[in-house]
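In the working numbering, the protein residues as written are 8 to 629. One structure below.
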Amino acid sequence: MAIQYLNKDFTQLKQALVNYIKNNYQNYTDFGPSSPGNMFTDLSAYVGDILSFYTDTQVQETLLLEAKEYKNILPIAYSLGYSPKVTKPSTAVLDVYQLIPSDAAAGFAPDWRYAVKLPENTQIGSTSQPSITFLSQQLVDFNHSSSFDPTDVSVYSYYTNTSNPMFYVLKKQVEAISGQVKTQSFTFSNAQQFQQVILSDANIIQIVDAVDSDGNTWYEVPYLAQDTIIDKTYNISVYEPNYSQYNDQAPFMLRLKKVNKRFTAQFLDETNLQISFGAGTTGKDSELIIPNPDNVGLGIQDGISAFNTAFDPSNFFFTNEYGQAPVNTTITFTYIVGGGAQSNVPANDININQQVSPQIDSYGLNSTAVQTVVNSVRFNNLIGATGGGPGDTTEEIRLNALANFPTQLRNVTKSDYLVRILSMPSEFGYISKAYVVQDLNLNADRDNTQSLVNMNPLALSAYVLSTNTDGKLTTANQAVKQNLKTYLSQYKMLTDAVTIKDAFYINVGINFEIQVLQGFNAQQVLIGCIEALKQFFNTSKWSVNQPIILSQVENCISCGNVNGVAAVKKLEFVNKAGGVYSPYTYDLQGATLGGIIYPSLDPMIFEIRYPDNDILGRVVGA
C-alpha cells in the first residue's frame, strides 16, 4: 500500500492508519469506539495532527509574507537589508545660551576666553515630563562661528551709569533627540569566531560607541564583510591642515576608513540587541584608505575580471576575513535608550540642566567670572519636539522590508524615495507621512529658453509630515528635515535634486444621520457607526493626496457593515481650523466633485484630529 503524505488533519490521519492496519494486519478487525485499536489510532492521529500543525507553523514563520511572530520576522527583515526600529525618539532644535564678560582692554568687546564648550550628548531635561531626557547631537563651541554654525552675540547688561557692556549673551543652536545614555561592558578571554553578546535593555535607539580596555574603538557595520566605514572628522587645522580654510562651508570632512575591529547589531526582540563580532583572521590596523580605481566595478582583487562576482558599489573593500574577534579585553558599549510618543514635548519645555558640564580653559581667568559663565548656560526649545513614537509593528516591518529590498541602496523611482524617507534611522527623527513628486516649480517655465538651459528634469520635491505627542499630524521641525536631507543624499542619484517641503494637513469633522431598524437599540447602533468611522479615518491608513470618496464613507456605516442601520439619511463633512486644529482652512464644498472630496494641488492629507469630538451622529425617524 502506497503511503499518503498529504493527509495531515486528525480525521485523514486516522483513516490512513485504519486503512494501513486493515491492509497489513488482516487478522485485526476490532475498531469499535471502545476498542484498543480505536484508542491507538486516535492517539497516533492526534500526535500526527499536532506535529503537522507545528511543522506547518514553523515553515510559515520563515516566510516574510506569512510570519506572525515579531521575533521571527526580525531576522528576515535584516536579511533583506531593513533595520527595524523598536522605538522612535523625538527631535528638537535647542537654543543654547551663555553669558560672557566684556574685555575693557579690548574696548569692552566680548572676552572670548570665557567662551565654553558643551560636549555631544549633553543631557537636558523636560519641565512637563521629568522622566524625559534630551541629548545634544553635536559639540557646542561658542568660540567658533560660521555660516553653518553661527554664534549670535547681543548685550546682556551694562556697567552702572555707562554705555559700556558688562556682559554679553551668546546664542547657538543644537539638534537634540530624546533619550538617555547607558553603558554595558563585556569581558572576553579567548578568541572565538563570530562571538555574540546581548545588550539587554528596553527601547534602544542607537549604539553611540564601543571602546575596549586598551582604548581601541570598535565600529558598527551593516554586515561583517564590510570592512570600511564613512568616518567624519572636524574640519580644523589639527585634523585637516589642507582643508581647514574651508570649514565655514564644510565643518566636517568625510573619509573612507578601513576598520578591522567591527561588529553588527541586530534586535532579537524589543529588549535584546545582539552584538556579533568577526572571525579573528585579520590583524591589520585601521587606516585611511583610497580605493584603487582599476578594481572598482570588478569586485575582486588585482583587477582580474569575473562578471559572476557581485559587487556592492557602497563598499570598495570586500573581504572574507570578517573582522577581528575580541580577545583578552573588555568592551564597553555606550548606547541611547528612550523615545516614544511621550517624548514629543511642547515648546519652551526642554530647559532643565541635568548633566551639563561646560568645558573652559580657566588658566589665567578670573575665577568668579568663570563660575558666573559656567552657571549661566541655559537651554530652550522655541518649537515643540516631534517625531517620537512607538517602534515598528510586525506589519510595518513586513511592508518596509518588502519595499526596502528592491531599492538596493539607491533611489531611482518614486517608491524608492518614499521607502528611504520612511526608513530613516530613528535617532534622526520620525517621518509619519511622505509624498514625492517632480518639482514643478523648478520645471515650470518650459517656454523660456534660459529656463530650459538651467532646468533639472530630475528635480524632486519630498513633502513630509511628522506627529506630535498625541499622535496627531504636524509639520516636521527643521532638525528632522535637515536630517532627512542629509540621509537622502547618501542614496540619491548624482543628478537628482531633492527639496524637503512641508505637506499640509486638513482637519475635518463628520455630521451624519441614520435610521435604525426596528428592534435595535438606537444608542448602540449609533455608537457602532461612530466606531466604524473612527477605524475608517484612522490616520495610519491614510496617505498624502488621498481623496475622500463619499460612497465609501457611507458604505462604512451602512446596514451591511453596522448591524441595525436601516439607512444613512445625511453625511456632511466640515472643515476644522484654528486653535487646536490645523491652521489651514479648506473649501470642502468647492473641492467636492462627483461624490469625491479632492485634495488640493499642494500635497495634503485629510485628518479627523479628535474623533471623539469631531464625529457627530444622530438617529432620525423615517
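Every residue, glycine too, gets a C-beta built ideally from N, C-alpha and C.
(1) Is the shortest distance between the beta-carbon of Val215 and the beta-carbons of chain D less than 9 Å?
(2) Return the Cβ separation of Ile184 and Leu146 in integer angstroms, given the expectation that the two are a contact with Cβ distance under 8 Å.
(3) By how many angstroms is the C-alpha of Leu71 removed from the C-alpha of Gln489?
(4) Which word fits Phe60, buried or exposed, when buried means at least 16 other C-beta atoms lie within 10 angstroms of its C-beta?
(5) What does the Cβ neighbour count give for Phe270, buried or exposed, with the cut at 16 atoms within 10 Å?
(6) My output table needs one value for Trp119: the three-state DSSP class, helix, strand or coil.
(7) Mapping the DSSP letters down to three states, classify Gly516 as helix, strand or coil.
(8) Alpha carbons only, please: which of Thr336, Glu561 and Ile521 is nearest the one belonging to Trp225?
(9) Closest to Lys492 by C-alpha separation, out of Leu425, Ala539, Gln525 and Leu533, would be which residue?
(10) Buried or exposed, going by whether 16 or more other CB atoms sit within 10 Å of the CB of Lys577?
(11) In whole angstroms, give me the CA-to-CA distance for Arg616 and Gly516.
(12) How many whole angstroms separate the CB atoms of Lys15 and Thr48, which I take to be in contact at a CB cut-off of 8 Å?
(13) What's the C-alpha gap between Thr401 and Ile28?
(14) With a 10 Å radius around its C-beta and 16 neighbouring C-beta atoms as the bar for buried, classify Arg625 as buried or exposed.
(15) How would you label Lys548, buried or exposed, when you count the other beta carbons within 10 angstroms and need 16 or more for buried?
(16) Since Val344 is in the beta strand (DSSP E), which residue starts that stretch and which ends it?
(17) Flag this pair as yes or no: are the beta carbons of Ala598 and Ser607 separated by less than 9 Å?
(18) Could you tell me the distance, in whole angstroms, from the CA atom of Ser109 to the CA atom of Thr158?
(19) Who pairs with Gln349 in a beta bridge, going by DSSP?
(20) Within the same chain, show all residues whose beta-carbon is closer than 6 Å to that of Ile556, passing over the 5 residues directly before and after it, in chain order.
(21) Is there contact between the stretch 346-364 and the stretch 94-101, where contact requires at least three CB pairs shorter than 8 Å?
(22) Looking at C-alpha atoms only, which residue of Phe38, Val419 and Ser220 is the closest neighbour of Val25?
(23) Grouping DSSP H, G and I as helix and E and B as strand, with all else coil, what is Ser191?
(24) Please tell me whether Thr506 and Thr393 are closer than 9 Å, where the distance is taken between their beta carbons.
(25) CB-CB under 8 Å to Ala376, same chain, minus the five flanking residues each way: which ones, in chain order?
(26) So, for Val443: in the same chain, excluding its five sequence neighbours on each side, which residues have a beta-carbon less than 8 Å away from its beta-carbon?
(27) For Phe543, which residues in the same chain have their Cβ closer than 6 Å to its Cβ, ignoring the five residues on either side in sequence?
(28) Quick check on the DSSP output: what are the complete beta strand (DSSP E) runs of length 3 or more inside the stretch 348-388, in order along the chain?
(29) Which same chain residues end up closer than 6 Å to Gln457 when comparing Cβ atoms and leaving out the 5 residues on each side of it in sequence?
(30) Taking just the CA atoms, how far does Ser90 sit from Leu280?
(31) Taking the alpha carbon of Val381 as the reference point, which residue from Ser364, Pro397, Val551 and Val587 has its own alpha carbon closest?
(32) Along the alpha helix (DSSP H) that carries Phe544, what are the first and last residues, could you check?
(33) Would the beta-carbon of Asp234 be found less than 8 Å away from any heavy atom of the ligand GTP?
(34) Helix, strand or coil: how does DSSP classify Met431 here?
(35) Over what stretch of residues does the alpha helix (DSSP H) that includes Gln489 continue unbroken?
(36) Starting from Lys78, follow the alpha helix (DSSP H) in both directions and report where the run begins and ends.
The short version:
(1) No chain D is part of this structure, which consists of one protein chain only.
(2) Working through the sequence shown from its first residue, we reach residue 184 at position 177. Working through the sequence shown from its first residue, we reach residue 146 at position 139. That pair is no contact at about 15 Å.
(3) For the purposes of this step, residue 489 is identified with residue 482 of the sequence shown, where counting begins at 1. For the purposes of this step, residue 71 is identified with residue 64 of the sequence shown, where counting begins at 1. Straight-line Cα distance between these residues: approximately 33 Å.
(4) Taking the first residue of the sequence shown as 1, we reach residue 60 at position 53. Label assigned to Phe60: exposed.
(5) Taking the first residue of the sequence shown as 1, we reach residue 270 at position 263. Buried, by the Cβ-count rule.
(6) Reading the sequence shown from its first residue, position 112 is the one you call residue 119. Trp119 falls in the helix class under three-state DSSP.
(7) The residue labelled residue 516 in the question sits at position 509 within the sequence shown. DSSP places Gly516 in strand when its eight states are reduced to three.
(8) The residue labelled residue 225 in the question sits at position 218 within the sequence shown. With distances taken between Cα atoms, Trp225 lies closest to Thr336.
(9) To locate residue 492, count along the sequence shown from 1; it is residue 485. Ranking the options by Cα distance to Lys492, first place goes to Leu425.
(10) In the sequence shown, counting from the first residue as 1, residue 577 sits at position 570. When all chains shown are included, Lys577 counts as exposed.
(11) In the sequence shown, counting from the first residue as 1, residue 616 sits at position 609. In the sequence shown, counting from the first residue as 1, residue 516 sits at position 509. The straight-line gap from Cα to Cα measures roughly 8 Å.
(12) To locate residue 15, count along the sequence shown from 1; it is residue 8. To locate residue 48, count along the sequence shown from 1; it is residue 41. Contact flag wrong, Cβ pair sits at about 16 Å.
(13) Mapped onto the sequence shown, residue 401 falls at position 394. Mapped onto the sequence shown, residue 28 falls at position 21. For Thr401 and Ile28, the distance between alpha carbons rounds to 46 Å.
(14) Against the sequence shown, residue 625 aligns to sequence position 618. Arg625 should be labelled exposed.
(15) As a first step, residue 548 is located in the sequence shown; it is residue number 541 there, counting from the start. Counting Cβ neighbours within 10 Å, Lys548 comes out exposed, since fewer than 16 surround it.
(16) In the sequence shown, the residue the question calls residue 344 occupies position 337. Here the beta strand (DSSP E) through Val344 covers Thr336 to Val344.
(17) Residue numbering aside, residue 598 sits at position 591 when the sequence shown is read from its first letter. Residue numbering aside, residue 607 sits at position 600 when the sequence shown is read from its first letter. Their beta carbons are under 9 Å apart, which means Ala598 touches Ser607 by this criterion.
(18) As a position in the sequence shown, residue 109 is number 102, starting the count at 1. As a position in the sequence shown, residue 158 is number 151, starting the count at 1. Going from the Cα of Ser109 to the Cα of Thr158 covers about 16 Å.
(19) On the sequence shown, position 342 is the one that residue 349 refers to. Partner(s): none; Gln349 has no beta bridge.
(20) One-based indexing of the sequence shown puts residue 556 at position 549. So the qualifying residues of the chain are Ile603.
(21) yes
(22) By 1-based counting over the sequence shown, the position of residue 25 is 18. Closest by alpha carbon: Phe38.
(23) Here residue 191 refers to the residue found at position 184 when the sequence shown is read from its first residue. Residue identity check: residue 191 is Gln in the sequence provided, not Ser. Residue state, collapsed to three classes: strand.
(24) Here residue 506 refers to the residue found at position 499 of the sequence shown. Here residue 393 refers to the residue found at position 386 of the sequence shown. In this structure, Thr393 does not lie closer than 9 Å to Thr506 by Cβ.
(25) Taking the first residue of the sequence shown as position 1, residue 376 is located at position 369. Closer than 8 Å at the Cβ level, and outside the excluded window around Ala376, lie Pro108 and Tyr121.
(26) Counting from 1 along the sequence shown, the entry for residue 443 is found at position 436. So the list reads Lys421, Tyr424, Leu425, Ile428, Leu467, Ser468, Ala469 and Tyr470, once near-sequence residues are dropped.
(27) For the purposes of this step, residue 543 is taken as residue 536 along the sequence shown, with counting starting at 1. Closer than 6 Å at the Cβ level, and outside the excluded window around Phe543, lie Cys563.
(28) 357-362 and 385-387
(29) Position 450 of the sequence shown, counted from the first residue, corresponds to residue 457. Bear in mind that the predicted position of Gln457 carries a pLDDT of just 46, short of 50, making it too unreliable to give a figure here.
(30) What you label residue 280 is simply residue 273 of the sequence shown in a count that begins at 1. What you label residue 90 is simply residue 83 of the sequence shown in a count that begins at 1. Straight-line Cα distance between these residues: approximately 12 Å.
(31) Along the sequence shown, read from residue 1 onward, the residue named residue 381 stands at position 374. Closest option to Val381, Cα to Cα, is Ser364.
(32) Taking the first residue of the sequence shown as 1, we reach residue 544 at position 537. Taken as a continuous stretch (DSSP letters only), Phe544 belongs to no alpha helix (DSSP H), as it is neither H nor E.
(33) For the ligand GTP, the structure offers nothing, since it holds no ligand at all.
(34) Start at 1 with the first residue of the sequence shown, and residue 431 comes out as number 424. The answer is coil: DSSP assigns Met431 none of H, G, I, E or B.
(35) As a position in the sequence shown, residue 489 is number 482, starting the count at 1. That run of the alpha helix (DSSP H) goes Gln485 to Ser496.
(36) Reading the sequence shown from its first residue, position 71 is the one you call residue 78. Taken as a continuous stretch (DSSP letters only), the alpha helix (DSSP H) holding Lys78 covers Tyr77 to Ser86.
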